[in-house]
Amino acid sequence: MNHTLADVLQISALIVALALVHRPLGDYMAAVYSSRTHLRAERWVYRAIGADPDAEMRWPSYLRAVLAFSAVGVLFLYAFQRLQDRLPLSLGFDPIPPDQAFNTAVSFVSNTNWQSYAGESAMGHLVQAGGLAVQNFVSAAVGLAVAIALVRGFARFRTGELGNFWSDLVRGTIRILLPIAALAAVVLVALGAVQSFAGPQEVQTLTGAAQQIPGGPVASQEAIKNLGTNGGGFYNANSAHPFENPGGLSNLLEIFLLLAIPFSMPRTFGRLVGNVKQGYAVVAAMGVIWLAGVIAVTVVERQAPGTASQLAGGSMEGKEQRFGEGASSLFAVSTTMTSTGSVNSFHDSYQGLSGGVLIFGMVLGEVAPGGVGSGLYGMLIMAVIVVFISGLMVGRTPEYLGKKLRPREIKLAACAILITPALVLTGTAVAMALPDGEEAMTNAGPHGFSEVLYAYASAANNNGSAFAGLGADTGFFNTTLGFAMLLGRFLPMVFVLALAGSLAQQQPVPVTAGTLRTHRPLFAGMLVAGTVVVAGLTFFPALSLGPLAEGLAV
Amino acid sequence: MSLDLRTTVRPLLAAVRAVLVLTLLTGVAYPLLITGVAQAAFPGHANGSMAEADGREVGSALIGQTWNDADGDPDPHWFQPRPSHGGYDPLATGSSQLGASDPTLLGEVREAREQVAAFNGVSVDEVPRDAVTGSASAIDPHISPAYARLQTDRVAEANGLPREDVARLVEEHTRGRDLGFLGNERVNVLELNLALRELTAR
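First to last, the protein sequences are chains A and B. For the first sequence, the numbering used here assigns the number 1 to the initial residue and increments by one for each residue that follows. For the second sequence, the numbering used here assigns the number 555 to the initial residue and increments by one for each residue that follows.
Here it is as structure tokens:
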């Protein structure tokens, strides 16, 4: 089979698999968040937490609970890393230094999983499984909860109540993430992934050399790392490591895991607002952007115009033989557009233009399809903006899903989408102006600039992948990227929840002949255009200095 | 948002307890359960797919390794893996991170092409791309079927084996794409070399 056909079949198989789970998974998640009954395990958890799962929260209470839970998560994870030498299963590693521990704690709690450490040489098994992997679950559950709160804002009328955060958090973890992750983890082991609590064991090879073969609870972490769109690898090589991702089939499973929930959330949204067609428009917009990115990167990687790639005969630097260009490109686009950030190949060595597409995928705001939960609320914010712009064109008060979009709603939506561009561009500019930026680059010229731009785009949009040539384990980068991750995650949540509260209080607006049909293909097209134009206008100058300059020079 | 005691302290207390409870559930029970199932159902995989020869473990089938002589140079008796920026040390995984047009990478590729061509007695234009590029993990256990075939003559000659026998080994160890279309074709270097060793011992 030639590689073009294999690429097409591989992408098609993934799309078919995602289409098959879209309805059942989306409907299931809608049922989970609207169910009135509690599982016995959940009642036990609520008693331990001391929270009443049936108490409705208005947006300030919901937000306080989100922020309190995340703040405690950061402190807990920070302490865990600082004290790891005194804990069991530390494998003899030292405590993580303060700036790196701060960066890593924020990184995992904000669902970013930027890694300025190398797993196999820094983190013991207990910190990985009992600290980092816990946030892989709960940070994803927090994203789901906030998305569901926004959807309730659209679905409810004449109330300020958005549900109960503790109930949403626990249900997302227990009923959605845990069962799927457990199943996927066992399948990954069946395909060859490692799952043990052993430390590195030394073997003597046939040529007499010594080699340390590591162990660890890898498959359990790999499953939730992708399912929760987290991305933090057990090992430094992430999903390129054969113990995390042993073959072509496990690779497709991992890509499926990272796309499954984000692409099914629009169905959940459609169900909860009582019109599944509204969800189709959203998922169509997400899918079009994602597929365009997949095709662009696959084509450029197959052509491999870079000078070193031309001499080598292909773009295999930083890629594994068992994946090749096709399966690597598919993973790369899916991970950057879902805010996952796990990698099965190193993006720094991609062709210049491919790198540009990957950065563009992140600066779209992680909405195509975006992270677990965050992708849906990001895209709904964009939908609010697009409805508003359309309303301006025809001179009507804009309305969406029976809600008026008044100045307050538009201000909140505008604030939510302005935060990450501000963080990315300011962070990049400051790093470039100070000597810290240039000192950390592996590559010179435009590609070096791309490394810095990629880092802030990745951090502020909570992706976590890297042009990993950037030596980002410095006080400067650990701190500034840490703040970019923190603000990029939680400031938008403030505006999203405030918007949800404001929408939930409204009276229904009757549908008239003048109402924009937001479930039609035209609206999906406008959503795509709005997403691309807003990010394009904001980031074109920065992209020109980096990936475009590099890509057009060859 | 008012900062009175009730509205700030109560969620914080709930948060502390929630983090602890969810840690027990997802950070203790979940990995232990998965480890238990994995160790019972797939002990070989779960413990690293270790490969044995002469009754002892000689590496993992999923982790690439060096095949050098005593001086640290590539040993012509063995099939050679891809270049590695970490020297096939599983505790230092990761790639070169050099861009596709980077001058340093260009120089490394040029050097690798010449080295591989000279080592195998072929022209530089026959050298396949995986033979001159570093992998993502730096412990890639595989090479392309093309690179394995390129090494056949040299390996056969160094071991005093008939060329056809070694070529047959390569064919036997060539794995197609998973399910015919997922990922890429590859040859596992450790498994191929273990089979080669059996052939030479006979």
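Ideal Cβ placement from N, Cα and C applies to all residues, glycine included.
Between residue 551/A and residue 356/A, which are expected to be in contact by the criterion C-beta below 8 Å, what is the C-beta distance as a whole number of angstroms?
6 Å
When you check each C-beta in the stretch 638-654 of chain B against every C-beta of chain A, which residues fall closer than 8 Å?
642, 643, 644, 645, 646, 647, 648, 649, 650, 651, 652, 653, 654
Would the beta-carbon of residue 154/A be found less than 7 Å away from any heavy atom of the ligand GTP?
By its list of ligands, the structure shown contains no ligand whatsoever, and the ligand GTP lies outside what it can speak to.
Classification of residue 407/A by the beta-carbon crowding that lies within 10 angstroms, buried from 16 upward:
exposed
If we call anything under 8 Å between Cβ atoms a contact, is residue 236/A one with residue 53/A?
In this structure, residue 53/A does not lie closer than 8 Å to residue 236/A by Cβ.
For the beta strand (DSSP E) containing residue 507/A, name the first residue and the last one.
Element bounds for residue 507/A: n/a, residue is neither H nor E.
Between the stretch 128-144 of chain A and the stretch 215-232 of chain A, can you find at least three pairs of beta-carbon atoms closer than 8 Å?
yes
Using the three-state DSSP reduction, which class does residue 541/A fall into: helix, strand or coil?
helix
Residues within the stretch 156-171 of chain A neighbouring chain B, beta-carbon criterion of under 9 Å:
Within the stretch 156-171 of chain A, the qualifying residues are 165, 166, 169, 170.
At which residues does the beta strand (DSSP E) containing residue 211/A begin and terminate?
For residue 211/A, the uninterrupted beta strand (DSSP E) segment begins and ends at 210-213.
If you count every other CB in all the chains shown that lies within 10 Å of the CB of residue 36/A, and 16 or more means buried, which is it?
exposed
Out of 62/A, 150/A, 29/A, point me to the one whose CA is closest to residue 504/A's CA.
Check the Cα spacing between residue 504/A and each of 62/A, 150/A, 29/A: the tightest is with 150/A.
Would you mind reading off the limits of the alpha helix (DSSP H) that contains residue 443/A?
That residue, residue 443/A, is in no alpha helix (DSSP H); it is neither H nor E in DSSP.
Give the C-beta separation of residue 656/B and residue 308/A to the nearest angstrom, bearing in mind that I take them to be a contact with Cβ-Cβ under 8 Å.
6 Å
For residue 748/B, does the count of other Cβ atoms within 10 angstroms reach 16, so buried, or fall short, so exposed?
Residue environment analysis places residue 748/B among the buried positions, since at least 16 neighbouring C-beta atoms fall within 10 angstroms of its C-beta.
Quick one: what does DSSP say residue 334/A is sitting in, helix, strand or coil?
helix
Strictly below 9 Å CB to CB, what residues from chain B border residue 348/A?
649, 650, 651, 652, 653
Examine chain A for any beta-carbon lying closer than 8 Å to the beta-carbon of residue 669/B, and answer yes or no.
no
If we define contact as Cβ-Cβ less than 8 Å, is residue 345/A a contact residue for chain B?
yes
According to the neighbour-count rule (16 or more other Cβ atoms, all chains shown, within 10 Å of its Cβ), is residue 271/A buried or exposed?
buried
Going by other Cβ atoms of all chains shown within 10 Å of its Cβ, with 16 needed for buried, is residue 662/B buried or exposed?
buried
Would you mind telling me which residues of chain A sit closer than 8 Å to residue 723/B, beta carbon to beta carbon, in chain order?
Result: empty, since nearest Cβ-Cβ is about 16 Å, beyond 8 Å.
For residue 742/B, the first and last residue of its enclosing beta strand (DSSP E)
740-742
Rank 443/A, 395/A, 447/A by C-alpha distance to the C-alpha of residue 515/A and give the top, closest one.
The shortest Cα separation from residue 515/A among 443/A, 395/A, 447/A belongs to 395/A.
DSSP state of residue 317/A mapped onto helix, strand, coil
coil
With DSSP collapsed to three states, give me the class of residue 84/A.
Three-state result, residue 84/A: helix.
Whose C-alpha, out of 20/A, 213/A, 108/A, is nearest the C-alpha of residue 260/A?
If we check each option's Cα against that of residue 260/A, 20/A comes out closest.
If the cut-off is 7 Å on Cβ atoms, which residues from the stretch 208-237 of chain A count as contacting chain B, listed in chain order?
209, 211, 212, 213, 214, 215, 217, 219, 220, 235, 236, 237
Shorter than 8 Å from the beta carbon of residue 603/B to some beta carbon of chain A?
yes
Does DSSP put residue 235/A in a helix, a strand or coil?
coil
For the stretch 425-449 of chain A, which residues have a CB atom closer than 7 Å to at least one CB atom of chain B, in sequence order?
Those would be 442, 443, 447, in chain order.
Looking only at its chain, what residues have a beta carbon closer than 6 Å to the beta carbon of residue 713/B, apart from the 5 residues adjacent to it on each side?
631, 754
I'd like the list of long-range same chain contacts for residue 618/B, defined as Cβ closer than 6 Å, with 5 residues on each side in sequence excluded.
635, 642, 693, 694, 695
Under three-state DSSP, which class holds residue 203/A?
strand
Ends of the alpha helix (DSSP H) at residue 250/A?
248-272
Taking residue 720/B as the query, report the chain A residues whose CB atoms sit under 9 Å from its CB, ordered along the chain.
Within 9 Å Cβ-Cβ: nothing; residue 720/B doesn't reach chain A, min ~17 Å.
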